[in-house]
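So for the sequence shown, full-length UniProt numbering puts the first residue at 1; every next one is plus one.
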Amino acid sequence: MGELSHTSAPTEFLEAKGVRYAYRRFGAERGTPLIFLQHLRGGMDHWDPLVTDGLAANRPVILFDNAGVASSGGETPGTVEEMADHVAVFVEALKLPRVDVLGLSIGGYVAQAFVLRHPDLVRRLVLVVTKPRGGEVEGRHPDALTVATRNEVPTLEDFLFLFFEPSQTSQRAGKAFWERRHQRTVDVDPPVSEQTTRAQSAAIVDWQEVRGERYAELERIDQPTLVVNGSHDIMVPTVNAYVLAQRIPQAQLVIYPDSGHGSLFQYPELFVGHVSRFLDAEPAFR
Numbered sequence: 001m002g003e004l005s006h007t008s009a010p011t012e013f014l015e016a017k018g019v020r021y022a023y024r025r026f027g028a029e030r031g032t033p034l035i036f037l038q039h040l041r042g043g044m045d046h047w048d049p050l051v052t053d054g055l056a057a058n059r060p061v062i063l064f065d066n067a068g069v070a071s072s073g074g075e076t077p078g079t080v081e082e083m084a085d086h087v088a089v090f091v092e093a094l095k096l097p098r099v100d101v102l103g104l105s106i107g108g109y110v111a112q113a114f115v116l117r118h119p120d121l122v123r124r125l126v127l128v129v130t131k132p133r134g135g136e137v138e139g140r141h142p143d144a145l146t147v148a149t150r151n152e153v154p155t156l157e158d159f160l161f162l163f164f165e166p167s168q169t170s171q172r173a174g175k176a177f178w179e180r181r182h183q184r185t186v187d188v189d190p191p192v193s194e195q196t197t198r199a200q201s202a203a204i205v206d207w208q209e210v211r212g213e214r215y216a217e218l219e220r221i222d223q224p225t226l227v228v229n230g231s232h233d234i235m236v237p238t239v240n241a242y243v244l245a246q247r248i249p250q251a252q253l254v255i256y257p258d259s260g261h262g263s264l265f266q267y268p269e270l271f272v273g274h275v276s277r278f279l280d281a282e283p284a285f286r
């Protein structure tokens, strides 16, 4: 597994509870596996090789298509909680006692639900450009969801608008990410289906609804957590990163300058360094 990479790791399949899950595993032989949970309409090929290979240098990395997404079978459920339960089925079917979880955007919603519903399966949590249930919406671009779902396959222009700032530096970083994202040319994911787009969109709307005391469930996340966002996220307003960091007891916060929803792709080496140090650090509390 150590010789495989983002561009060369084969797509594998695992059948569990009637669903055929697609995944790729590469990186170090030892260590707690780091499972990646992707953004809206994203599959395994939408990750940045600089991020995945960088983090795989010192730990096993698992890229994963949830139920119904891209190469995986089944149907995509319409709630975040059901998506989180699919992650648990997948992790348990791989016979992994515990994992580290990196969730991006809606993948961060799923990561939160996963750790709350299946806490024994999670060692550490990385929440990237995401928000808590019932999070803040002020600052979100009114056309964000429309742009994210209007094309059958998202275009470079869609990504540059949604994920990167208008500055020359950010736009240049976005174009470089787009090129890296297409380095894998064989055994690639198909585009997500209309059913997945509808279900994920419904899950995003449902996640906005407050249940019980707003943000109270965040205080039940005991795992060390790293929260990351850009300074101006027009899809998931950056203020939500502060809410997560303030409410999760063992949370740390990183904000990258002149960046937005694609901040981890704009600063891939910096992001890898921050996440690696966080995952490898001794627990702050014993």
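We treat Cβ as the ideally placed atom computed from N, Cα and C, and that holds for glycine.
- Around G73, the same chain offers V19, R20 as residues with beta carbons nearer than 7 Å, after the five sequence neighbours per side are excluded.
- Put simply, of V254, A203, A9, D158 the residue whose alpha carbon is nearest the alpha carbon of G134 is A203.
- Take I234, set aside five residues on each side of it, and the residues of its chain with a beta-carbon closer than 8 Å to its own are G139, R140, H141, A144, L162, G260, H261, in chain order.
- Two segments are said to touch when three or more pairs of C-beta atoms, one from each, lie closer than 8 Å; by this definition the segment 24-37 touches the segment 86-102.
- Following the DSSP letters along the chain, one finds Y109 inside the alpha helix (DSSP H) bounded by residues 106-117.
- Boundaries of the beta strand (DSSP E) around F64: 60-65.
- Looking from the CA of E136, the closest CA among V51, V239, D48 belongs to V239.
- Under the DSSP assignment, I255 falls in the beta strand (DSSP E) whose first and last residues are 251-256.
- If you draw a straight line from the Cα of E152 to the Cα of I255, it is about 32 Å long.
- Excluding its 5 nearest sequence neighbours in each direction, R117 has C-beta neighbours in its own chain below 8 Å: E81, A84, D85, A88, listed in chain order.
- Contact between the segment 263-273 and the segment 45-61 is present: three or more C-beta pairs spanning the two stretches fall below 8 Å.
- Per DSSP, the unbroken beta strand (DSSP E) holding F26 starts and ends at 19-27.
- P237 and G230 have their C-alpha atoms some 9 Å from each other.
- Separation of Q250 and L279 (C-alpha to C-alpha, rounded to the nearest whole angstrom) is 13 Å.
- Annotation: R172 to E179 spans about 11 Å, alpha carbon to alpha carbon.
- According to DSSP, residue pairing for L127 in a beta bridge involves G103, V227.
- Separation of the CB atoms of D187 and D65 is rounded to 13 Å, and the pair is thereby denied contact status at 8 Å.
- Counting only residues of its own chain and dropping the five nearest sequence neighbours on each side, Q195 has a CB closer than 7 Å to the CB of G68, E75, T76.
- Residue I62 holds the alpha-carbon nearest to the alpha-carbon of P10 among I62, T79, T155, K17.
- Approximately 17 Å separates the beta-carbon atoms of V228 and V122; this is outside 8 Å, ruling out the contact.
- One alpha carbon belongs to R214, the other to L270, and they sit about 33 Å apart.
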